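Enquirer: Take a look at this one; I'll ask things after.
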Amino acid sequence: MKKFLRSHLCAMVLLWLIGYGGTMASASEMLVPEIETPTPVGSRQHQLNQTAQGQLLLSWVEKGEQGSHLRFAVLEAEGWSAPQTVVTVRGKLAAAPVVLGLKDGGALAAAWMSSTEQKDNPFGAELYLSRSTDGGESWSKPLQPYSGEARIYDAQMSLASLDDGRLALVWTDQRHKPERYQLMATLIDGQGKPGSEMILDKDVCSCCNTRTIAQGDTLWTAYRDRLEGEVRDIALVRWSSEGPSQANIVHDDQWVIEGCPSNGPAVARRDGLTMVSWFTAADGVGRVRTAFWPEGENHFAKPIEVDAHANGYVNALLLEDGSALVVWRGRVGPTEELRLAQVKQDGTVQNQIALYRGDFPRWPSRHLSLAQVGDSVYVAWLDLEQARIRLVKRPMPAE
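Sequential numbering from 1 applies to the sequence shown in full-length UniProt numbering.
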């Protein structure tokens, strides 16, 4: 694998150099029916989550004369609720903000990163949390849930909702080593008070998004690790208020790359079964893989090759039968294609469907959002050509 010069700009440049950064100027084409959203043209940084009542919640960012507006709407039985504004930030919002339902009877939480853009720290950010107990009509005073010595990197964050209105928050930080990136975490109680900060990993890939899930009081965070020799493979760490356990490498891909590929993993857990999906280009070919870790085993099973000609940017969830539903960006010649497929533990990849063909944006809107509501799954992404967020609804595959 050809090595490249390390750079903070690698998230925008590196994958383009090796052929996994997207296509240019191809006409976008919907391959399945879509659902109209309340997002105007020019919206970006989308996320799909759920309310406490299990309704689909779409959040996004709008640029205006007053700054960047974090907004959201809920898909109700009769259609979308009126969009509401969480916060307006003068300047740029960095990693895609999050709005999600809390497990305390209906409250909402929001998190966003405001870029500081300081000369000595051009990728710095301040991270804020806020809550609403009236469906988003009003929001609490924004809280910075970390100490003053934090040096937050603006590329990514992940959240998970816990019982009693608590939140888990994960981000990357440079406070301990300016040239390295630490994976940091904290728990916020039901009154919005942050607990102690903890280091989940002392050296991780800077720009790759993380994903965090909760089951009871235990958290799992999947991320791209940075190992000796610039190996950038996917890791999973289990943690709680007591601290983290030893992180596990999901599979020894041995992807050696001097820079961050900006292409993080997905993780899900159900009934004791853990699943991780990810992208690797260890042999110079872009691949999407999925691995399962059954309860009682001491490691992940051999990964399943989902796509051997892919660009990645995966998202995934677990189904009742123990299979995974994976969405990713594949390729048809020079053109990118958004795909959805069911992956079974026996290695079978089935019910694959192409949803969209066309260009995708770069950071911070390059990711794919995926959510299950009832017996349907929703996928959202940003159409680069039309400069708008697109959403599709698909039935869950039959077992």
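Heads up, the beta-carbon is just placed ideally off N, CA and C, and yes, glycines get one too.
Remember, predicted model here, so these are calculated numbers, not experimental data.
At what residues does the beta strand (DSSP E) containing histidine 176 begin and finish?
Expert: Histidine 176 -> no beta strand (DSSP E), and no H or E assigned at all.
Enquirer: How would you write the range of the beta strand (DSSP E) that phenylalanine 360 sits in, first residue to last?
Expert: Segment: none, phenylalanine 360 is in no beta strand (DSSP E) and carries neither H nor E.
Enquirer: Run through the segment 253–284 for me and flag every whole beta strand (DSSP E) of 3 or more residues, listed as ranges in chain order.
Expert: Listed in chain order, the complete beta strand (DSSP E) runs (minimum 3 residues) inside the segment 253–284 are 266–270, 273–280.
Enquirer: Measuring alpha carbon to alpha carbon, tell me which residue in Ala291, Ala214, Leu100, Thr212 is nearest glycine 54.
Expert: That would be Leu100, whose Cα lies nearest to the Cα of glycine 54.
Enquirer: Looking at the structure shown, is tyrosine 181 part of a helix, part of a strand, or coil, going by DSSP?
Expert: The answer is coil: DSSP assigns tyrosine 181 none of H, G, I, E or B.
Enquirer: At the level of alpha carbons, what is the spacing between glutamate 309 and threonine 218?
Expert: For the record, residue 309 in the displayed sequence is histidine; it is not glutamate. Near 35 Å, if we compare the C-alpha coordinates of threonine 218 and histidine 309.
Enquirer: Does the segment 288–307 come into contact with the segment 180–195, if we say contact requires no fewer than three beta-carbon pairs (one atom in each stretch) closer than 8 Å?
Expert: The segment 288–307, when compared against the segment 180–195, does not touch it at the 8 Å Cβ threshold.
Enquirer: From the DSSP output, which residues share a beta bridge with glycine 67?
Expert: Glycine 67 pairs with Gly64.
Enquirer: With a threshold of 8 Å, are at least 3 pairs of Cβ atoms found where one atom belongs to the segment 52–70 and the other to the segment 87–102?
Expert: Cβ pair count under 8 Å is three or more, so yes.
Enquirer: Between the Cα of aspartate 189 and those of Ser196, Cys207, Leu167, Leu70, spot the shortest distance and give me the residue it belongs to.
Expert: Checking every option, the nearest Cα to that of aspartate 189 belongs to Leu167.
Enquirer: Glutamine 144 and leucine 127 - do their beta-carbons sit closer together than 9 Å?
Expert: Going by C-beta atoms, leucine 127 is nearer than 9 Å to glutamine 144.
Enquirer: Between which two residues does the beta strand (DSSP E) carrying residue 415 extend?
Expert: It is not possible to answer for residue 415, since the shown part of the chain is limited to 1 through 399.
Enquirer: Take the Cβ of alanine 27 as the centre, count every other Cβ of all protein chains shown within 10 Å, and call the residue buried at 16 or more, exposed below.
Expert: Per the 10 Å Cβ criterion, exposed.
Enquirer: Can a CB atom of chain C be found closer than 9 Å to the CB of aspartate 375?
Expert: Of the chains in the structure shown, none is chain C; there is only one protein chain.
Enquirer: Go ahead and pull the three-state DSSP assignment for alanine 110.
Expert: Note: alanine 110 maps to strand in three-state DSSP.
Enquirer: When the Cα atoms are used, what is the spatial distance from aspartate 154 to glutamate 76?
Expert: About 33 Å.
Enquirer: Does the separation of the CB atoms of valine 250 and alanine 222 fall below 9 Å?
Expert: Closer than 9 Å, so yes.
Enquirer: So which of Ala125, Ala94, Ser115, Asp134 has the shortest CA-CA distance to alanine 109?
Expert: Nearest option by C-alpha distance: Asp134.
Enquirer: What are the boundary residues of the beta strand (DSSP E) that histidine 46 is part of?
Expert: Counting along the chain, the beta strand (DSSP E) containing histidine 46 begins and ends at 44–50.
Enquirer: One question on the structure: do arginine 357 and glutamate 337 come within less than 9 Å of each other, judged by their Cβ atoms?
Expert: Yes, these two residues count as a Cβ contact at 9 Å.
Enquirer: What does the Cβ neighbour count give for glycine 312, buried or exposed, with the cut at 16 atoms within 10 Å?
Expert: Buried is the call here.
Enquirer: Three-state secondary structure (DSSP) at leucine 102?
Expert: Correct three-state label for leucine 102: coil.
Enquirer: Count the other C-beta atoms from every protein chain shown that fall within 10 angstroms of the C-beta of residue 444, then say buried if there are 16 or more, exposed otherwise.
Expert: Any answer about residue 444 is impossible in this case: the structure gives the chain only from 1 up to 399.
Enquirer: Secondary structure at tryptophan 293, three-state DSSP: helix, strand or coil?
Expert: Tryptophan 293 falls in the strand class under three-state DSSP.
Enquirer: Flag this pair as touching only if the segment 258–274 and the segment 313–332 have three or more C-beta atom pairs under 8 Å; answer yes or no.
Expert: Judged by Cβ distances under 8 Å, the segment 258–274 makes contact with the segment 313–332, as three or more pairs qualify.
Enquirer: Could you tell me which whole beta strand (DSSP E) segments of length 3 or greater appear in the segment 152–234?
Expert: Whole beta strand (DSSP E) segments, 3+ residues: 152–161, 167–173, 182–188, 198–201, 211–215, 218–224.
Enquirer: For glycine 79, does the count of other Cβ atoms within 10 angstroms reach 16, so buried, or fall short, so exposed?
Expert: So glycine 79 counts as exposed.
Enquirer: Applying the criterion that 16 or more other CB atoms from any shown protein chain within 10 Å of the CB defines a buried residue, is aspartate 173 buried or exposed?
Expert: Answer is buried; the Cβ neighbour count reaches 16.
Enquirer: Measure from the alpha carbon of glutamine 118 to the alpha carbon of each residue in Gly165, Leu325, Ile152, Leu102, then state which is nearest.
Expert: Checking every option, the nearest Cα to that of glutamine 118 belongs to Ile152.
Enquirer: Quick check on the burial criterion: 16 or more other C-beta atoms within 10 angstroms. Buried or exposed for glutamine 191?
Expert: That one is exposed.
Enquirer: In angstroms with no decimal places, state the Cα-to-Cα distance between serine 7 and cysteine 260.
Expert: Note that serine 7 scores 39 on pLDDT, short of 50, meaning its location in the model is unreliable; the coordinates nonetheless yield the value given after this. Going from the Cα of serine 7 to the Cα of cysteine 260 covers about 9 Å.
Enquirer: Measure the Cβ-Cβ separation of valine 32 and isoleucine 353 and say whether it is below 9 Å.
Expert: In contact: valine 32 and isoleucine 353 (Cβ atoms closer than 9 Å).
Enquirer: Secondary structure at lysine 393, three-state DSSP: helix, strand or coil?
Expert: It is a strand residue.
Enquirer: Can you tell which of Ala341, Asp203, Val170, Thr116 has the C-alpha that lies nearest to the C-alpha of proline 178?
Expert: With distances taken between Cα atoms, proline 178 lies closest to Asp203.
Enquirer: Cα-Cα, which of Asn263, Arg71, Glu295 is closest to leucine 93?
Expert: Among Asn263, Arg71, Glu295, the Cα nearest to that of leucine 93 is on Arg71.
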